[in-house]
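Participant: Chain order of the listed sequences is A and B. So for the first sequence, my numbering puts the first residue at 10; every next one is plus one. So for the second sequence, my numbering puts the first residue at 2; every next one is plus one. Below is one structure. I have some questions about it.
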Amino acid sequence: MSRTEDRRSQARPAAGESDRPRQGALIALKDAALSALVALGLFAPMVGLRTDVAPSGGLYLRTRWADVAILCGIVFMLRLALVLWTGRRGLQPSTAPRPWTLWLQKAGRFFAPALLAVALVLPFIPGVERYELDLGILVLTYVMLGWGLNIVVGLAGLLDLGYVAFYAVGAYSYALLALNFGLSFWICLPLAGILAAFWGILLGFPVLRLRGDYLAIVTLAFGEMIRIVLVNWVSLTGGPNGISGIPRPSFFGLSFSMSGDPDTFAGYFGLEPSPLHRVIFLYYLIFALALLTNWVTLRLRRQPLGRAWEAMREDEIACRALGINITTAKLSAFALGAMFGGFAGAFFATRQAFISPESFTFIESATILAIVVLGGLGSQIGVAVAALVMIGGFEFFRQFGEWRMLVFGGAMVLIMVLRPRGLVGTRTPSVALGEKRAIGANLIGEGRG
Amino acid sequence: MTGTIPPPRDMILEVAGLTMRFGGLVAVEQVSFAAMRGDITALIGPNGAGKTTVFNCITGFYRPSSGAVRLHLPGALPVDLHRLPGYRIARAGVARTFQNIRLFPGMTALENLLVAQHNRLMAATGWGIGAVLGLSRYPRAEREAIELARHWLQATALLDRADDPAGALPYGAQRRLEIARAMCTNPSLLCLDEPAAGLNPRESEELARLLLEIRAQGTSILLIEHDMGVVMKISDRVVVLDHGRLIADDIPAVVRADPRVIAAYLGEGEEEEEGEAA
C-alpha cells in the first residue's frame, strides 16, 4: 500500500514553485504563522508552566512565558526559512536514490571497513578509558541484538515485539547453568543459544498463521509472559531480586582476578593486574559474537534459506506456489534470530554478574526494534550505525540534561521524516549476472507478518 | 473415491467430480475433465464461471469440498493433489502463475528465478548448515541454478533485465518473468491464470509463441484465458465452464461452434465484463 503511495507522491508534479514570488512569500508567512501557533499550543503547557518547590516547602506554579515566546519565534523563523527555501511542498520524504546517494554509496564502501577497523583497535586508542570501553560494549551488545532481530524483522518480515524474551532466556540460561551446575561460560554460551532458539520455535508455532498487527501483539505478549514468569517463579529465578554472583568469563581457564597469581590472566602473562583486562576481554568477546552474527546473516542472505526469507517478506503466497515450506522458513528465522538473542543474553549475564527481570522489560524490545527500523530493515551496516547513534547518542545527549529526551526524540523524528525506510533503505541483490545495483526502497516489501 | 472412468493412456491431470462450496454458495459443481500430457488445455468461461476456483483447487490454494484432483506422472502412482498442502503440490510438479502478478518486486529478476529453485538448492546446502560453514556442493548447485535461470531469461527475452528489480519491469515483462519463474521449478504441468490479461496484441503473439515453445520442451500447460485469439490458436483442447458447471470439453473448432458455449458467452443476460479480470 505504502509502495503505491510512495510512487504517487513521486509522480506528482512539483507544484507551481515560486511562479509568483510575492504570493510565495505570503504563503510562507501564513505557513510559518500556523506552525508557530501549533508550537504555542504545544510549548505553553510543556515549557510555559512548571511546578517548583518553594523555599517554604510547598509547591508553586512557575510560568516561563519568555521561553515559550523564544521557542515559538524559533519555530516561526525556521519554518519560514524552510518554506521559502523548498517551496510550498516542504521537505519531501524520499526513499528513491538521490544524486548524493551515489556519493554516499561510494563512501559507504569505505565506511564499513573503517568502522570495523576503529572497533577493532578501540581499546588501544589513547584516551579510551573504562567509560568509553563500557559504552563500546553496550553499543556492540545492541549491534548484535539489532543484527539478530534483523533476521526476523528485516529479512523474514515478521514483526517481533518480544525479542527481549530471548535475550532474557539466554541470560537466565547462563546464570542458572553456571550457578547450579558449575558449567563454564564457553559451554553455557552454545547452550544458552540453543535454549533461546528452542523458545523461538515455541513462539513460532502459535504465530505461524498470524500476520502484521496480530503477530506483533502475540510476540509482545510473549515477551511480557517470559518476564512475568521470571518475576514470579521465585524458587528458580529469585524473582524480582534477580540472580547475583554469576561467574565471570575466564580467558582459556585464566581468571581475571586481581591477586596476580600465576593462574590468573595478569600473572600468567606477567602483566600488572588491572581491572581493565577483563573489560578489554569482554569488549573483544562481544565484538567477536557480533561479527559472528553478521557473518552468518551475510552468508545466509546469499543462500536459498536467506533468499526464501526475503521472498517470504515480499510475497508469502507466491512462495507457497513455488514449493517453499513457509512453516520451516518462518520457524528457522525465529529460531536463528532467537539464538543470537540468547548469545547476547549469556554475554550480558556474564558481564553484569547480576541479572533481574528489570533488565528485560518491553522498552528493551522497543529499543532494539527502533534500531532495526532506524537503520533500515535488512541492512547490516544501517543497523550497526543506528545502534551507535541510538545507544551512543543517548549517552551523548546527557549533556542536554532535561532536554535529552526531547532532542533525542526530535532527532529520531527528523531521520524518519527524511528517510522513512531507515538510514539504509536500499537492498543489495544477493546475486547478479552483471553488476550488483542497489534496489530502491520503494520496491521492497516490508513484510506483513 | 468417486466412481470415475479409468484414465486414458496419457493423461497428466485428472479432475474428477470436483465441487467447491463457500458457505451456501456453490462455486464449482461436479466438474470432471482431464488434461493430456504434452497438450495445452484451456479453461474458459464467462466471468464468475468458477475457472479460478478450479485453478485454486488444483494448485492447493483451496481444498475442494468434494471430488478429486490427481496428477499422473509416468512410472509413478497418481498423486492426490487435493490431499497435499500447497507447497507440496509445487514439489510434485505443478507450477502456477497468478491472475494479478505475484512476483517478489524488491528482488531482481534473477533472484526471483533462484527462489523458484529453492528446494533443489536447499538440498544441496545440507539444509542450510553445511553452506554456512562453506562445506558441501553448494557453489556448483548454484552455478547450475543460475544457468537454468539464464536459460529461461533468454527464452522470455529478459536476459538484459536480469539484474533489475522485478517490480521495476514493465507489465508485459513481469508477466513473462512470472512464467519463467514457474518454469524454473521444472514443472510437469504449468498452470497459467490469464497470462495474456493486459497484454497488447504483439505481446499476446509473443506469449503464444512462448507457450508453444514450453509445450515443445515437454511441459503440459493448463491455461485460463479470456483472449479467445490466443486460446483458439494454441490450445489442443478447450474446457468451458459456466455457472460452476462443465458445459463443453472438446477441440477448439468444435467448442467454438457449440451453441451452449455461444449462449453462455453472448446470451441469457450474461455480460462479459473485462474489468473484473484486473
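Note that the Cβ used here is the ideal one computed from N, Cα and C, for glycine as well. Note that this is a predicted model, so its numbers are computed, not measured.
1) Between the C-alpha atoms of V127 (chain A) and L159 (chain B), what's the straight-line distance to the nearest angstrom?
2) List the residues that DSSP assigns as beta-bridge partners of R166 (chain B).
3) Terminal residues of the continuous beta strand (DSSP E) containing A96 (chain B)?
4) Quick one: what does DSSP say A363 (chain A) is sitting in, helix, strand or coil?
5) Of the residues B:I147, B:A258, B:I225, B:A264, which one's Cα is nearest the Cα of R97 (chain B)?
6) Among the candidates B:V27, B:S33, B:V29, B:G25, whose CA atom is the shortest distance from the CA of G18 (chain B)?
7) When the distance is taken between beta carbons, is G351 (chain A) closer than 8 Å to G464 (chain A)?
8) Please check if any C-beta of chain A sits within less than 8 Å of the C-beta of Q117 (chain B).
9) Roughly how many whole angstroms lie between the Cα atoms of I226 (chain A) and E206 (chain B)?
10) Taking a contact to mean a Cβ-Cβ separation below 8 Å, would you say L80 (chain A) touches V56 (chain A) in this structure?
11) Closer than 6 Å by C-beta to G168 (chain B): which residues in its own chain qualify, once you throw out the five before and the five after it? Chain order, please.
12) Taking Cβ-Cβ distances below 7 Å as the criterion, which residues of the region 306-324 of chain A are in contact with chain B?
13) Taking just the CA atoms, how far does Q155 (chain B) sit from E195 (chain B)?
14) So, is G136 (chain A) buried or exposed, given that buried needs 16 or more other C-beta atoms within 10 angstroms?
15) Please list the terminal residues of the continuous beta strand (DSSP E) segment that includes Q31 (chain B).
16) With three or more beta-carbon pairs closer than 8 Å as the criterion, would you say the region 105-120 of chain B touches the region 64-72 of chain B?
17) Show which residues of chain B have a CB atom less than 9 Å away from the CB atom of I390 (chain A).
18) Determine, using beta carbons only, whether R446 (chain A) comes closer than 8 Å to chain B.
19) In angstroms with no decimal places, state the Cα-to-Cα distance between L198 (chain A) and F175 (chain A).
20) Buried or exposed: W195 (chain A), going by 16 or more other Cβ atoms within 10 Å of its Cβ?
21) For Y140 (chain A), tell me which candidate among A:V288, A:F85, A:L87 has the shortest Cα-Cα distance.
22) With respect to the beta strand (DSSP E) encompassing I225 (chain B), which residues constitute its N-terminal and C-terminal limits?
23) So with CB distances below 8 Å, who are the chain B contacts of G454 (chain A)?
24) Give me the Cα-Cα distance between V440 (chain A) and L211 (chain B), rounded to the nearest whole angstrom.
25) Ordered along the chain, which non-local residues of its own chain (more than five positions away) have a Cβ less than 7 Å from that of W74 (chain A)?
26) Whole alpha helix (DSSP H) runs in the region 156-193 of chain A with 4 or more residues, listed along the chain?
27) With a threshold of 8 Å between beta-carbons, can A169 (chain B) be considered close to chain A, or not?
28) Any beta carbon of chain B sitting closer than 8 Å to that of L442 (chain A)?
29) Please name the residue in A:M86, A:G315, A:C328 whose C-alpha comes closest to that of I102 (chain B).
30) Compute the Euclidean distance between the alpha carbons of Q175 (chain B) and I335 (chain A), then round it to the nearest angstrom.
31) Between E367 (chain A) and N250 (chain A), what straight-line distance do the alpha-carbon atoms span, to the nearest angstrom?
32) Is L432 (chain A) helix, strand or coil by DSSP?
33) Check for me: the beta strand (DSSP E) holding S65 (chain A) runs from which residue to which?
34) Helix, strand or coil for G68 (chain B)? Go by DSSP, reduced to three states.
35) Buried or exposed, going by whether 16 or more other CB atoms sit within 10 Å of the CB of G76 (chain B)?
36) Helix, strand or coil for T336 (chain A), going by three-state DSSP, please let me know.
Facilitator: Once the coordinates are examined:
1) 44 Å
2) The sequence given here places Pro at residue 166 (chain B); Arg does not occur at that position. DSSP, once it has assigned bridges, lists B:T109 as partnering P166 (chain B).
3) 95-97
4) In the sequence under discussion, the amino acid at residue 363 (chain A) is Phe, which differs from the Ala named in the question. DSSP places F363 (chain A) in strand when its eight states are reduced to three.
5) B:I225
6) B:S33
7) No statement about residue 464 (chain A) is possible, as the shown extent of chain A runs from 10 to 458 and does not include it.
8) First, the residue type needs correcting, since residue 117 (chain B) is Ala and not Gln in the sequence shown. Yes, A117 (chain B) counts as interfacial toward chain A.
9) 50 Å
10) yes
11) P106
12) R308, L309, Q312, P313, L314, R316, A317, E319, A320, E323, D324
13) 22 Å
14) exposed
15) 26-37
16) no
17) Under the 9 Å cutoff, chain B gives no residues; its nearest Cβ is about 18 Å from I390 (chain A).
18) yes
19) 13 Å
20) exposed
21) A:V288
22) 221-225
23) F105, P106, G107
24) 26 Å
25) G57
26) 173-190
27) yes
28) yes
29) A:C328
30) 24 Å
31) 9 Å
32) coil
33) First-last for S65 (chain A): undefined, no H or E at that position.
34) strand
35) exposed
36) helix
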